[in-house]
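Numbering (the working numbering), first residue to last: 123 to 341. Written out below as structure tokens is the structure these notes cover.
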């Protein structure tokens, strides 16, 4: 049976990504909120919408100078997003944050690449000014530590320099604002570049969900 074209339309692609992001966030909240805690309150208390804008001239200079050490493959913006995530986990949890025993304490972070003009995907033209929109959801155990990091101006300055970040726009998340198809506006906004990239794949590494799932083994 021939499937309708609407199943493959750009709005459907964006909607499905946004719905998947929403589901991952809901799963995280259900696993971490208290028995009598409201989901909406947990989101507002522990959720942040963070946009990461890069100093691309500085990124290019760093990649050229580090090429002999790191090898020929330059780090993507999403690699940098993961490096930033790992550094924040190390600050909040400690140097052993990568061990499986700390997996459930780590924040959920969904980061999506975006470009200038991606909202108007049919007429984007050349890809310019790669940046990242991301949703971060912390546990009650790590939220206060994250807020202390944000209040530390010297720490913010150091990570901007370390990761060639021009600007960090950090807002409290209101994830209950929904669009007409039911997905949160925050997740829908993150997903908009997926439409363009699906239409014509130009960036292979365009989103990440952290931490990576840990396979539980049965002895």
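All C-beta atoms, glycine included, are put in the ideal place defined by N, C-alpha and C.
- Contact annotation, residue 331 with residue 167: C-beta distance approximately 21 Å; criterion of less than 8 Å not satisfied.
- Residue 289: member of the beta strand (DSSP E) spanning 287-294, first to last residue.
- The C-beta distance from residue 165 to residue 266 rounds to 17 Å, too long to meet the 8 Å contact threshold.
- In the same chain as residue 301, and ignoring 5 residues on each side of it, the C-beta atoms closer than 7 Å to its own belong to 307, 310, in chain order.
- With 16 or more other Cβ atoms from the protein chains shown falling within 10 Å of its own Cβ, residue 259 counts as buried.
- Taking a 10 Å sphere around the C-beta of residue 183, we find fewer than 16 other C-beta atoms and assign the residue as exposed.
- Taking 9 Å as the cut-off, the beta carbon of residue 159 is found no closer than this to the beta carbon of residue 235.
- Counting along the chain, the unbroken alpha helix (DSSP H) around residue 200 starts and ends at 199-215.
- Under DSSP, residue 230 forms a beta bridge with 259.
- Residues 278, 292 of the same chain have their beta carbon placed closer than 8 Å to that of residue 272, with the five preceding and five following residues left out of the count.
- Rounded to whole angstroms, the separation of the alpha carbons of residue 323 and residue 212 is 34 Å.
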